[in-house]
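Reviewing the structure listed below.
There are 2 protein chains.
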Amino acid sequence: NAMIEKAQNTMKNISHKIVVMSGKGGVGKSTVAVNLAVALALEGRKVGLLDIDLHGPDVVRMLGGNSAKPYQVGNDVLPPEINGIKVISTSQFLKDETSPIVWRGPLKTSAILEFLGDIAWGELDYLIMDCPPGTGDELLTVFQNFKDIDGTLIVTTPSVVSQDDVEKAINFSKMMNVNILGLVENMSYFVCEKCGEKHYIFGQDGGKTLAEKYNLELLQEIPINKIIRSNMDKGQPAAYFGIPDTVAPF
Amino acid sequence: NAMIEKAQNTMKNISHKIVVMSGKGGVGKSTVAVNLAVALALEGRKVGLLDIDLHGPDVVRMLGGNSAKPYQVGNDVLPPEINGIKVISTSQFLKDETSPIVWRGPLKTSAILEFLGDIAWGELDYLIMDCPPGTGDELLTVFQNFKDIDGTLIVTTPSVVSQDDVEKAINFSKMMNVNILGLVENMSYFVCEKCGEKHYIFGQDGGKTLAEKYNLELLQEIPINKIIRSNMDKGQPAAYFGIPDTVAPF
Ligand SMILES: Nc1ncnc2c1ncn2[C@@H]1O[C@H](COP(=O)(O)OP(=O)(O)O)[C@@H](O)[C@H]1O
Ligand SMILES: Nc1ncnc2c1ncn2[C@@H]1O[C@H](COP(=O)(O)OP(=O)(O)O)[C@@H](O)[C@H]1O
Ligand SMILES: [Zn+2]
Chain A
33 NAMIEKAQNT MKNISHKIVV MSGKGGVGKS TVAVNLAVAL ALEGRKVGLL DIDLHGPDVV
93 RMLGGNSAKP YQVGNDVLPP EINGIKVIST SQFLKDETSP IVWRGPLKTS AILEFLGDIA
153 WGELDYLIMD CPPGTGDELL TVFQNFKDID GTLIVTTPSV VSQDDVEKAI NFSKMMNVNI
213 LGLVENMSYF VCEKCGEKHY IFGQDGGKTL AEKYNLELLQ EIPINKIIRS NMDKGQPAAY
273 FGIPDTVAPF
Chain B
33 NAMIEKAQNT MKNISHKIVV MSGKGGVGKS TVAVNLAVAL ALEGRKVGLL DIDLHGPDVV
93 RMLGGNSAKP YQVGNDVLPP EINGIKVIST SQFLKDETSP IVWRGPLKTS AILEFLGDIA
153 WGELDYLIMD CPPGTGDELL TVFQNFKDID GTLIVTTPSV VSQDDVEKAI NFSKMMNVNI
213 LGLVENMSYF VCEKCGEKHY IFGQDGGKTL AEKYNLELLQ EIPINKIIRS NMDKGQPAAY
273 FGIPDTVAPF
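Protein sequence lines correspond, in order, to chains A and B.
Per this note's numbering, the first sequence starts with residue 33, numbered consecutively.
Per this note's numbering, the second sequence starts with residue 33, numbered consecutively.
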């Protein structure tokens, strides 16, 4: 299939591909993916960020580039650069930002292949892929067509409910023979700014339990922090690096 | 198609159908769906809970019925009852709870139709449907095949990122001519138990802003509360009712 070949050709010019995933929604996949991309760009690497969470395309807002759209140069369509990062997301293709993406499986698959095959990403050191929750069409399209993925970063929160779904994502990665780089536990605890009390709002040790069970590395435990949420809402991820010890777990 | 007809026949015996959805993951859809179901059952109504979040089936654990499976009586397959609520979820059909559901769109569609058409739900006063994030196959299957849905409950958190995706879900509901019962804002604030300080961890007024913009009712603002999370992790939703003013927003 020509679309798959074009997408595979694009990937040949990209040294490292990292998939940020989780079986569970709302655990912080986009937050981790965006900050990983920014951290790598700050080190001077050529970084691309592909948002394959087609229904919930949040990375452009988080990076602060709501107005940047893909643009045509000759025959090529180029990804816009935001904060030095090349970004492609369904949010850039909507006539109106508030309209839903109402696609069934097959359309999602061809959209992902087009985002890779029809966009001139050029040479990249890293391509970070932000995924939707679940183990459906989007992830299958990536894992079935690209065999040289460096690995997955799997994000969880400490809660038992989150572990249930994240465990499925770990087994999915294994099933598809995709290396797991490690686990990231997000929203590990909250420290009250007023009195210093530490609150384990979403529970404790979800990341540790899964890391031990599957012999994975727990790369980082990121606390709940208002600055993280407000930076992402305002599109200022770089400012997030002001709290280096809680940032990109890499 | 015979499957659709069977599913539509099942729905004829159900008085009210409520779809709990959100464009965003991890905002508390399952938490709201499970507690709404429990609240209705506590009032003596006949309630069913259908989990169409096929990849992230959490409602059975939250209800406390991990071991309850669908069972055969004559020609019928009956949904198990947990806490007086009939429940069907993909988690009941897995050989091993940790294995992922690796289905593409068409399989998801037939699974949902089978969950309705091949299961003997009997007469119900309410069927609550817990949805995955996004506006893809699962929601399309429900909205395209069942025209007598009472309405959707749309769950958001206060954050701007969450509003982006939830706004798409609102427009999707409108696009499909499905009534919106109202918005529920979850994780509105956190009160430190030690010093009483109120923390707006995920921002403020996301629910109000959307409710005003789309002329919807903001049914409830549920605070972040450790008891809510630990009850759901332990499968004791009824205990949650110990804090009536923050519970099911109905
Ligand atoms: N450590 C954190 N502290 C506070 N808020 C966070 C943190 N991580 C993520 N968030 C917020 O939680 C919400 C969900 O995060 P997001 O990255 O969108 O998750 P996902 O991509 O898994 O759906 C967003 O509003 C985000 O700003
Ligand atoms: N108000 C709340 N306070 C504390 N934890 C909550 C609250 N609402 C939901 N949670 C927890 O947040 C996580 C996400 O909730 P869940 O209902 O699974 O969301 P969704 O169905 O939208 O993915 C779960 O671990 C749940 O226990
Ligand atoms: Zn305090």
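Using N, Cα and C, we set each Cβ at its ideal position, and we do this for glycine too.
With a 10 Å radius around its C-beta and 16 neighbouring C-beta atoms as the bar for buried, classify residue i as buried or exposed.
i	result
Q104 (chain B)	exposed
I259 (chain B)	exposed
P102 (chain A)	buried
P138 (chain A)	exposed
S99 (chain B)	exposed
E75 (chain B)	exposed
S220 (chain A)	buried
G228 (chain B)	exposed
A39 (chain A)	buried
A34 (chain B)	exposed
G57 (chain A)	buried
S47 (chain A)	exposed
G149 (chain B)	buried
F147 (chain B)	buried
F204 (chain A)	buried
D277 (chain B)	Note on D277 (chain B): pLDDT 43, under 50, position unreliable in the model; no value is reported.
Just confirm the distance between the C-beta atoms of residue i and residue j, as a whole number of angstroms; I'd bet it's less than 8 Å.
i	j	result
K266 (chain A)	D162 (chain A)	Not confirmed; about 19 Å, so no contact.
I160 (chain B)	A65 (chain B)	5 Å
K200 (chain B)	T42 (chain A)	Contact doesn't hold; Cβ gap of about 28 Å is too wide.
I254 (chain B)	N218 (chain B)	5 Å
Anyone know if the C-beta pair for residue i and residue j falls short of 9 Å?
i	j	result
I84 (chain A)	G183 (chain A)	no
G166 (chain B)	H87 (chain A)	yes
W135 (chain B)	G168 (chain A)	yes
D90 (chain B)	S54 (chain B)	no
L215 (chain B)	V198 (chain B)	yes
I233 (chain B)	F222 (chain A)	yes
T173 (chain B)	K127 (chain B)	no
G12 (chain B)	V52 (chain B)	With chain B covering only 33 through 282, there is no way to say anything about residue 12 (chain B).
T202 (chain A)	I186 (chain A)	Here the sequence assigns Ile to residue 202 (chain A), which means Thr is not the residue at that position. For I202 (chain A) and I186 (chain A), yes; Cβs fall inside 9 Å.
L68 (chain A)	S121 (chain A)	no
Considering only residues of the same chain and omitting the five flanking positions on each side of residue i, which have a CB-CB separation below 8 Å?
i	result
V192 (chain A)	G235, G238
N247 (chain A)	none
P132 (chain A)	H87
N115 (chain B)	V70, A73, L95, G96, G97, P269, A270
Kindly list the residues whose CB is nearer than 7 Å to the CB of residue i, restricted to its own chain and excluding five residues on each side of it in sequence; keep chain order.
i	result
R77 (chain B)	D157, Y158
I36 (chain B)	L145, N177
K226 (chain A)	none
Q195 (chain A)	T188, G238, T241, L242
V59 (chain B)	V187, T188, T189, S194, N218
R93 (chain B)	G267
R261 (chain B)	none
S142 (chain B)	M35
Looking only at DSSP bridge pairs, what is residue i linked to?
i	result
K118 (chain A)	A:G80, A:E113
E155 (chain B)	Answer is none; E155 (chain B) lacks a bridge partner.
G222 (chain A)	One detail in the question is off: residue 222 (chain A) reads as Phe in this sequence, not Gly. In the DSSP output, where bridge partners are listed per residue, F222 (chain A) has A:H231, A:I256.
G214 (chain A)	A:L185
V105 (chain B)	B:D108
H48 (chain A)	A:Y158
L250 (chain A)	A:L215
M53 (chain B)	B:I186
Apart from the five residues on each side of it in sequence, which residues of its chain come closer than 6 Å, Cβ to Cβ, to residue i?
i	result
D108 (chain A)	A152
E113 (chain B)	none
F175 (chain B)	M208, V210
N45 (chain A)	E155
I256 (chain B)	M219, F222
I249 (chain A)	As written in the sequence, residue 249 (chain A) is Glu, which differs from the Ile given in the question. Taken in chain order, the residues that qualify are G214.
L110 (chain A)	Y103, A152
I117 (chain B)	A69, A73, V79, L81
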